[in-house]
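Enquirer:
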């Protein structure tokens, strides 16, 4: 049973009112999709899928410094440890980035189909290291039920990023196009330049180049103090091409390559803190590259919609310890210091390379009264970890097959989903006393159901089970490592929700959509979290539950209201029977945006974000906080050389609130008041 979550949950579910929605094909075609565009955010819902899309317009309006900052407005999503690309991480429903590692393997991150994000790198939060200006869309799938086409062991959800296309700037017409964006922020003297150059030599070919350079000095908190270790400089680029060919343009070949680099000098090894601690200081170069080639074939046959995606992701972190910067170094030489099993991690160079081939097909067909929308595919993954001073490197070779079949009978939809995955982990160095290779496999899946009552009200629910197979980072000779390599982490998630759609609710031409869903997750056979105060004893289980809600209301006059909220809690259980609050639980959070759009291209909005039940990285309670953000976007219809101009102005943390972000290190305060201005010229 779903335990009581919050006061007022039932009332909120009963308020589930929404607009007549336009049906739209889902991506990749299962669980159905409804799209509403009443306010600033498009609300995209599957029949039983918690799915939020941040489109290019919102990406620009939010003026975010990192992708993580873009999506922390999604219900259940927490931005862990700040506003720098190197230090921030993404946590969804309590899983993903945490206060120790940039990733716990329970969320998946993909860029144009390439699987990215660091593994369990100690005190390095590089789960998603890239620049927001490279992307046209960020999609967040929360929970397990929508994850079976993307990986195993996904408990928190999936983050999918789509890079920009040349046709976004040429309008699909032959010729040249592009844009130039300049942005400045007062806090930290931050600025960014982003240039897009697009060319379509003919209707069957398009090419795009993007170069973005983002820099900022150390930020200032609401109390006027400097936030140490918050300065950065990150050049990024994107090269993308697409060729469309064949009879009726049924085939296409798309190539994308993106890269982001940071060269940090004399910074704390621990990216989560503001000043160097026992780990000392380092010089660090972080280089992340993603490359993908995708072939698509859709001959107009309902049984064939084929996609073949071959991708390569490469994340390299080169770290050089600064001699004498750690109080624990003493009189030892750097070589001896770095050979220490505990502190040797700070002298390690980390590199992960992931090659992946995914072949999937979408088929539409009928069996009697049942309409099927089925996606089936196979996947081969090769992940390689470089040897490090702290742990051996190796390879993780995986093969997987998945099928998701959305079956519709009248107003009732049932969607079974299955994924089978095998893994072979091999150490690149002899482990001597233990085996050098380990094999595991798992069958996982779920069932989603939805019912459209025909009057705008829809009900949905799902049950999903997944297993997280052992990872390269568990390689080692210790008893703890051997235990983790011999078992998989297991979880199940149940969800139940409702949505209601309607128009002309309060005034002619208005639209309203509201969706609420409850979820409950149990994680057991844990291999990724140790009991408090222990480095070798794993937790027995983690139980979490919550309620998510999204809403959007728009009037014909241009007035709109957007809402996103999450309430929940979790408990972690130790093997000795004791328990504590789940250390990574998201805060209770409500975000309300009030705005108005005018026909001359002006959009003004006021965003209020309130968070409660907050804790820092050491689980100390934090006070409730309310932050106000103001935004203005103007797209005037001008002629001549000013045509295509856009101006954006924002005030973040307008009242200069002094606070520490949820799950962040106590020393890393959130930025204080920041004025931002963005100028864009499209040509």
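In the numbering used here, the protein residues as written are -19 to 663. Even for Gly, the Cβ is constructed at its ideal location relative to N, Cα and C.
#1: Here's the rule I'm using: 16 or more other beta-carbon atoms within 10 Å means buried, otherwise exposed. How should residue 255 be labelled?
#2: Does DSSP classify residue 454 as helix, strand or coil?
#3: So, under 8 angstroms CB-CB, residue 192 and residue 113 are touching, yes? Tell me the CB distance rounded to an integer number of Å.
#4: From 152, 197, 179, pick the residue whose C-alpha is nearest to that of residue 172; which is it?
#5: By Cβ distance, which residues of its chain are closer than 7 angstroms to residue 447, with the 5 residues on each side in sequence left out?
#6: What is the rounded straight-line gap between the Cα of residue 55 and the Cα of residue 569?
#7: Just to confirm before moving on: does the CB-CB distance between residue 571 and residue 587 stay below 8 angstroms?
#8: Does the Cβ-Cβ distance between residue 371 and residue 455 come in under 8 angstroms?
#9: May I ask you to list the residues that DSSP assigns as paired with residue 387?
#10: Less than 6 angstroms between C-beta atoms, sequence neighbours within five positions excluded: which residues of the same chain meet that for residue 141?
#11: Starting from the C-beta of residue 337, find all residues in its chain whose C-beta is less than 6 angstroms away, skip the five residues before and the five after it, and write them out in chain order.
#12: Are residue 164 and residue 233 closer than 8 angstroms when you measure CB to CB?
#13: Helix or strand or just coil, what does DSSP make of residue 171?
#14: For residue 475, tell me which candidate among 524, 483, 509, 457 has the shortest Cα-Cα distance.
#15: If you draw a straight line from the alpha carbon of residue 404 to that of residue 130, how long is it in whole angstroms?
#16: Could you give the DSSP three-state label for residue 604: helix, strand or coil?
#17: Using DSSP with H/G/I as helix, E/B as strand and the rest coil, what is residue 465?
#18: How would you write the range of the beta strand (DSSP E) that residue 296 sits in, first residue to last?
#19: Use the C-beta contact count for residue 72: other C-beta atoms within 10 angstroms, 16 or more gives buried, fewer gives exposed.
#20: Take the Cβ of residue 154 as the centre, count every other Cβ of all protein chains shown within 10 Å, and call the residue buried at 16 or more, exposed below.
#21: From residue 457 to residue 364, what does the alpha carbon distance come to, in whole angstroms?
#22: I need the straight-line Cα distance from residue 477 to residue 439, nearest angstrom please.
#23: According to DSSP, is residue 460 helix, strand or coil?
#24: How should residue 245 be labelled, buried or exposed, when 16 other C-beta atoms within 10 angstroms of its C-beta is the threshold for buried?
#25: So residue 561 is in the beta strand (DSSP E); what residue range does that whole segment cover?
#26: Can you have a look at residue 386 and say buried or exposed, based on whether 16 or more other CB atoms are within 10 angstroms of its CB?
#27: Taking the straight line between their C-alpha atoms, what separation do you get for residue 2 and residue 33?
#28: For residue 279, which three-state DSSP category applies?
#29: Taking the beta carbon of residue 389 as the centre, do at least 16 other beta carbons fall within 10 Å, making it buried, or is it exposed?
#30: List the residues that DSSP assigns as beta-bridge partners of residue 584.
#31: Assuming residue 578 and residue 620 are in contact, meaning their beta carbons sit under 8 angstroms apart, how far apart are those beta carbons, in whole angstroms?
#32: With respect to the beta strand (DSSP E) encompassing residue 244, which residues constitute its N-terminal and C-terminal limits?
Expert: A quick look at the data gives this:
#1: exposed
#2: helix
#3: 4 angstroms
#4: 197
#5: 132, 133, 422, 424, 468, 469, 470
#6: 8 angstroms
#7: yes
#8: yes
#9: 352, 394
#10: 91, 115, 118
#11: 290, 360
#12: no
#13: strand
#14: 524
#15: 19 angstroms
#16: coil
#17: helix
#18: 286 to 301
#19: buried
#20: exposed
#21: 19 angstroms
#22: 6 angstroms
#23: helix
#24: exposed
#25: 559 to 561
#26: buried
#27: In this predicted model, residue 2 has a pLDDT of only 32, less than 50, meaning its place in the structure is not dependable; the value taken from the coordinates is given anyway. Approximately 16 angstroms between the Cα atoms of the pair.
#28: coil
#29: exposed
#30: 576, 612
#31: Between residue 620 and residue 578 the Cβ distance is about 22 angstroms, and since that is not below 8 angstroms, they are no contact.
#32: 231 to 248
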